[in-house]
Structure formats: C-alpha cells, structure tokens
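Note that the protein sequences, when read in sequence, are chains R and D. Here the first sequence is numbered in my numbering, starting from 1 and rising by one per residue. Here the second sequence is numbered in my numbering, starting from 299 and rising by one per residue. For every residue, glycine included, the Cβ atom is placed at its ideal position computed from N, Cα and C. Following: one structure in structure tokens, then a few remarks.
Number of protein chains: 2
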Amino acid sequence: MTLFTGLSAFPLTPVDDAGRLVPDLLQRFLDRIVGAGADSIGLLGSTGAYAYLSPEARKRTLRAAVEVVAGRTPLVVGVGALTTAEAESLARDAREGGADGLLLAPMSYQPLSDEEVFRHFEAVAGAGGLPLCIYNNPTTTKFTFGTDLIARLSEVPNIAAVKMPLPADGDFTGEVLRLRGITPKGFAVGYSGDWGAKEALFAGGACWFSVVAGLLPGPAVALTRAVQSGDIDTAERLDRAFGPVWSLFREFGSFRVMFSIAEILGLGSLRPPRPILPLAERDLDRVAQALDRLLDEA
Amino acid sequence: MTLFTGLSAFPLTPVDDAGRLVPDLLQRFLDRIVGAGADSIGLLGSTGAYAYLSPEARKRTLRAAVEVVAGRTPLVVGVGALTTAEAESLARDAREGGADGLLLAPMSYQPLSDEEVFRHFEAVAGAGGLPLCIYNNPTTTKFTFGTDLIARLSEVPNIAAVKMPLPADGDFTGEVLRLRGITPKGFAVGYSGDWGAKEALFAGGACWFSVVAGLLPGPAVALTRAVQSGDIDTAERLDRAFGPVWSLFREFGSFRVMFSIAEILGLGSLRPPRPILPLAERDLDRVAQALDRLLDEA
C-alpha cells in the first residue's frame, strides 16, 4: 500500500483563459509523474487549485486523470470545500470517479473549532468510504491541528494518514515519534513543504507530499529513493541541487512558481487563477537559472 | 446617500436542511429591518453566510430581498468569492438583480499579496459598476488591509467605503482621522464588531455595519440615533443593555449566536451551515437571558 507513503506528486490542474480544463495537458503532466515512478498522485491538491474550481470542473479533472493513471499509480483526490455538504458530495464524486484515496483540508471562512473540524472530517470520511488523509495546511486553511485532534481523528474509520506542514521548531524526529505514539499502527505521518522533504523522510516521515514532483518528478523520485535507501550523500546532493527552487518556493509561494516552471519547461503557458498573479517577468530568469542548476546537478 | 452611513443591518440568510433558501423567512427578517428604520441592508454579508452559498442561491436571495425592500431601504450585497472571475460574475448578478451597492471581502485560499488584492478589487468594482465597500475582515479572510492599500483602493472608480474591524489598539478616533486623511472626501469609513459600535460612531465612524441589527434592528437603530444626536446617556444605557449579547458574540462568534437568537425570538429554527455548529443546548439559556435583559432595558 503506497497510497500515503513514499513520494506523492501534486500536479497543477491546467485550465485555459476561460477556466476550462485542458485535459491533454493534465494527462501529459500525469504521464511524466507515472513514468518517473512516483508512489502516488495528489490530484486536486492546493497545487491542483482545487479551492478555485467548481465541483463540475473537479469531476472533469478526475475523469481525465483516471484515463491515464488507472492501474498504474494510486490516485489521491482533494475533496476540500467550505461546507460539509459540498465536501461530502465531492468525496462521493471522487470514489465514483475512480479515486483510490482522499485528501481533505479544513477550508474555512468563519474560523472553525476543533469539534467542528472533527465532525466535518468524520462526515466526509464516512461519505467517501476511501482511505482519507488529513491535510494539515495552516497557511491556506488557517486551521492548525493540535496533536489531540489528530489522535482523535486517527481513530475514525477511513482516516488513514496526515499530511503535516514542516515543524516550526525544526524537530522532525520528535514530531514524527510523537504523532506515531498517539495514532494507530499503520496510520501514516507524511510531510509537505518541499524544502524540508529530505529531513522529513530521514526523520521517518512516511510520505513526501511534493509540489515540485508535479512538474519535476524525476529528481523528486531520485531524492526520495536516495533517502529510502540510506544514501545520504546522494540525498544531500539532490537536495542542494533543488536549493534555488526551494528558495523561490519560499519567497513567492510554490503555487505561483509552479506556473513559471511549466512555462520554462515548455509544458504549457498557464496562468494561476485570478486573483493569484503569476511571477513578474523579471523573476522568470531566476526560475530558469534554478531549473538549469537542478537539471545539471540532479 | 445612506448606502454606507448610519446603521447597516446584516440579516442571516435562512436556508432549510437541504440548503434551500426560505424566502418568506428572509423577507420577514428584512421587513423588521426596514420597519425599524435601518439606513441600509447588508445582504449576503458574513452573517448572511455568503461564503457558504452557491452563486445560484445568492441570486435567489437577492431576488427575494428586492421584492420587499426595493424603494424602501438601500441594499448592499456581498459579492466575495475565491476567484476574481466568480466575484466579477456575482457583482454583475447583483447589479442586474437590483442591488444598490456591493460589499467585497478578499476571500483567500493561497495567501494574497497587496497587489493581488488591489487588482481583484479593481476588477470587481469595474464589473459591478455600483458603489463598493471594501470589507476588511481579517478574521474570516486572513487578509489585513494596510492603510497604503486602502488609500490606493479609495482612488479606484466605484470604491466608496471601507468596513473596518475594531482597531486593535482601541484608538478609534486616531484611526478614523488617519483613514480620512488618506482617502478622498466622501469616502466612508465604517466599522463592524458590534461591541465597539458605540465607540466607533462617537469617534466619527460613518457607519455601523451591524450583525445584531439583522435580528434586533430596533435597539440597534436606537443606539445609532442616540450617538448621532449626541445623547451620550442613552447611548451608554443601550450599549450596556446589549452587553451580555456582546459577550456571547465575543465568546462564540456572532455568526453562531445569531442562529440561537432567531430561535429564541421565535423567528425560525435555523442551523448554521455545516461545518459550523450551533451553540450547545446549555448555552441557549445564556442567550435567552441576554435577550431578556436587552429587551427590558432597551
């Protein structure tokens, strides 16, 4: 079972200027991810712009994805929404559409209490009937999961994993041990925040939920395998090669930078959904240089 | 012009268990607001659950509202959305549906830059073609407007007002003077946060954007008029009478408490949209006592 272990790659969801999915471009992204040997695909994650897409567009995205990845790489689908009713409906859509697992972030408008988030997750996990990963992403959802709530949710049927942000205090090992101690055996504790991935995996994190692997799956798989095989030198070298990309992710937000990477790699001239702005022209050179260095050294 | 001055009352948007608008109940709320003499209505504000409703439900809500308030009380309509395209479309819907003004909060998923918020507001103000109020609500949107951005936005055609949260340092007078100093003559600086309304109005705030006035418009109008006429004693007495309601708003969030107020006043047994939970049974008594005191003393 590699649904929430190893490398999970998060593709962009390519849409045209009218907001319509470009299915063949999505399928091209997915083919590259499958071909590179990623362990799973995180469709319609934050990188996949799920928060900005209609339920209908999300269905279409899943349909296009299943066409190319079914039977090849497990597919995890983001089903977050501002209301429980909509998230339940998206979870049912995802199961019926062929998803293997679900990813759920507690999107919020009115700030949510722990009890509200618990009941929301319980309801959506029940409606989906698939292994579900808690998406702990305080930057976008403005909700932070305490360990008590993660422990409680880990006992709910279907809830199988958590996708954590990088620990603020940098203590990966301590956090992984703490979370493992309060969750059932088999519950997966993984990490997002690409610049901390090497450290998270070395500390025993089960999964790297990776933005960059959506467009650069080869080097991301190589880094993951290096850590998994205990090849510290190669892991260090690859992480250093990614360094300028990590710097750009931290400076501009990985979501914005990914659109520039797609453009520079010749994979499509896409724009983020407004109000999100693309990088300024003057910053594109830095992205190009970061990619040159990565592709030279990786 | 009373669109963004005096008392703006924000009704709940009543929906049934299946999420469908209950138009006659909305119209009852609106009749009470109009009858009490509020200066404007803030339809589909945060209290009106705009963030949780589909564009179609928002259109129906406006249609039902216009039926009872057109020509009686100016109608300001919330048009916030996570994408600029959807907010533009909602702004056009609102104008075509008979709104007199717009209210726009910078809803976010990916955190937004000042430039992104500026362009979003410029686009929506252009699409709507109606006087627009900047909805500065960091608690729900997680975006905080700096004074520079407010100054810049106040020069954009159609942008006519700002709805501010209560100043963290309690310096209402200083903030009102500062904002007036950097915005054009006629640009309205109003406040939300009901427990600070008396102070905000005394400090020269142009408008009280009021949650409580959605269900208790009588006492809210009385408080507004007392301040406007300089009757400090009456204003102090009414603000004290509201005191227990303010405490509940601060403890549970005004959105959750409003559903209990509707129930206790016999105006309908409504529930907030999941994941938001209603108050626990044990807290309903406190709401009833707060209302008793208010209606006794106001």
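**Q.** DSSP state of E188 (chain R) mapped onto helix, strand, coil
**A.** What sits at residue 188 (chain R) in the sequence shown is Ala, not Glu. Note: A188 (chain R) maps to strand in three-state DSSP.
Q.
By alpha-carbon positions, which one of R:L295, R:P273 and R:A290 ends up nearest to L53 (chain R)?
A. Comparing alpha-carbon positions, the option among R:L295, R:P273 and R:A290 lying closest to L53 (chain R) turns out to be R:P273.
Q: Please report how far the alpha carbon of F416 (chain D) lies from the alpha carbon of E386 (chain D), in whole angstroms.
A: Their backbone Cα atoms lie some 14 Å apart in a straight line.
Q: Report the rounded CA-to-CA distance for D412 (chain D) versus D590 (chain D), giving the unit in angstroms.
A: The alpha-carbon atoms of D412 (chain D) and D590 (chain D) are separated by roughly 45 Å.
**Q.** Run of the beta strand (DSSP E) containing I432 (chain D), from where it starts to where it stops
**A.** Its beta strand (DSSP E) spans residues L430 to Y433.
Q.
So, does the segment 542-560 of chain D touch the segment 336-352 of chain D, judging by three or more C-beta pairs under 8 Å?
A. By the Cβ criterion, the segment 542-560 of chain D is in contact with the segment 336-352 of chain D, since at least three pairs of Cβ atoms, one from each stretch, lie closer than 8 Å.
Q. Buried or exposed: which applies to I41 (chain R), given that a residue is buried once 16 or more other Cβ atoms fall within 10 Å of its Cβ?
A. Buried, since its Cβ has 16 or more Cβ neighbours within 10 Å.
Q: Would you list the residues sitting across from F172 (chain R) in a DSSP beta bridge?
A: Bridge partners of F172 (chain R): none, in fact.
Q. How many Å lie between D398 (chain D) and G369 (chain D) at the Cα?
A. Their Cα atoms are separated by approximately 10 Å.
Q | Closer than 8 Å at the beta carbon, the chain D residues around V52 (chain R) | A | A small fix is needed here, since residue 52 (chain R) is Tyr in this sequence, not Val. By Cβ distance, chain D contributes L380, T381 and Y407.
Q.
Taking the alpha-carbon of D283 (chain R) as reference, which of R:L294, R:L295, R:G266 and R:F259 has the nearest alpha-carbon?
A. Residue R:F259 is the option with its Cα nearest to D283 (chain R).
Q) So, helix, strand or coil for L319 (chain D), using DSSP? A) DSSP, reduced to helix, strand and coil, places L319 (chain D) within a strand of the structure shown.
Q) Distance, Cα to Cα, T359 (chain D) vs P312 (chain D)? A) Computed Cα separation, rounded: 9 Å.
Q. Do L12 (chain R) and L223 (chain R) have their C-beta atoms closer together than 8 Å?
A. No; because the gap between Cβ atoms is not below 8 Å, this pair is not in contact.
Q. Do the CB positions of A299 (chain R) and I182 (chain R) come within less than 8 Å of each other?
A. What the structure shows of chain R is the stretch from 1 to 298, and residue 299 (chain R) is not part of that stretch, so it cannot be assessed.
Q: Would you please verify whether the beta carbon of F259 (chain R) is less than 8 Å from any beta carbon of chain D?
A: Chain D contact via Cβ: absent.
Q: Could you tell me whether the Cβ of F255 (chain R) comes closer than 8 Å to any Cβ of chain D?
A: For F255 (chain R), the answer is yes, since a Cβ of chain D falls inside 8 Å of its Cβ.
Q: Anything in chain D within Cβ reach of V117 (chain R), meaning under 8 Å, just list it in chain order.
A: Those within 8 Å of V117 (chain R) in chain D are P573.
Q) Which residue comes first and which comes last in the beta strand (DSSP E) that contains L342 (chain D)? A) Unbroken run through L342 (chain D): none, as it is neither H nor E.
**Q.** Beta-carbon gap between E497 (chain D) and F540 (chain D) smaller than 8 Å
**A.** With respect to F540 (chain D), E497 (chain D) sits apart: the two C-beta atoms are not nearer than 8 Å.
Q.
Out of R:W246, R:K59, R:A288 and R:G6, which one is the CA nearest neighbour of G266 (chain R)?
A. Nearest option by C-alpha distance: R:A288.
Q | chain R residues whose Cβ lies nearer than 7 Å to that of G317 (chain D) | A | Ordered by position in chain R, the residues that pass the 7 Å Cβ test against G317 (chain D) are A85.
Q | 8 Å CB neighbourhood of K440 (chain D) in its chain, flanking five on each side removed | A | Result list for K440 (chain D): S406 and P409, in chain order.
Q) Using the beta-carbon count (16 or more within 10 Å), is D337 (chain D) buried or exposed? A) The residue in question, D337 (chain D), is buried, as its Cβ has 16 or more Cβ neighbours within 10 Å.
(Q) Quick check on this structure: which residue in R:A57, R:L277 and R:G230 has the alpha carbon closest to the alpha carbon of L21 (chain R)? (A) Ranking the options by Cα distance to L21 (chain R), first place goes to R:A57.
(Q) Assuming the contact rule is C-beta atoms closer than 8 Å, W208 (chain R) and S8 (chain R) should be a hit. Round their C-beta distance to whole Å, please. (A) The Cβ separation is near 7 Å, so the contact holds.
Q | As assigned by DSSP and simplified to three states, the class of A307 (chain D) | A | Of the three classes helix, strand and coil, the one that applies to A307 (chain D) here is strand, per DSSP.
Q: Compare the C-beta of L112 (chain R) with all C-beta atoms of chain D and state if any pair is closer than 8 Å.
A: By this cut-off, L112 (chain R) is an interface position.
Q) Which residue from D:A425, D:A349, D:E561 and D:P465 puts its Cα closest to that of G376 (chain D)? A) Among D:A425, D:A349, D:E561 and D:P465, the Cα nearest to that of G376 (chain D) belongs to D:A349.
Q. Going by C-alpha distance, which of D:E365, D:D329 and D:L380 is nearest P353 (chain D)?
A. Ranking the options by Cα distance to P353 (chain D), first place goes to D:L380.
Q | Per-residue burial, E86 (chain R) [other beta carbons within 10 Å of its own, 16 or more giving buried] | A | By the neighbour-count definition (other C-beta atoms within 10 Å, threshold 16), E86 (chain R) is a buried residue.
Q. What number of angstroms, rounded off, separates the C-alpha of L130 (chain R) from the C-alpha of G6 (chain R)?
A. Counting only the Cα atoms, G6 (chain R) lies some 19 Å from L130 (chain R).
Q | Simplified DSSP state of V156 (chain R), which is helix, strand or coil | A | The three-state secondary structure of V156 (chain R), taken from DSSP, is coil.
Q.
To be precise: take each residue of the segment 139-163 of chain R, compare its Cβ to all Cβ atoms of chain D, and keep it if any distance is under 7 Å. Which residues remain?
A. Those residues of the segment 139-163 of chain R that come within reach of chain D (Cβ to Cβ, closer than 7 Å) are T139, T140 and K142.
Q | Where K163 (chain R) falls: helix, strand or coil (DSSP) | A | Looking at K163 (chain R) - three-state DSSP - the assignment turns out to be strand.
(Q) Counting C-beta neighbours from all protein chains within 10 Å, is the total for A280 (chain R) 16 or more, i.e. buried, or is it exposed? (A) Per the 10 Å Cβ criterion, exposed.
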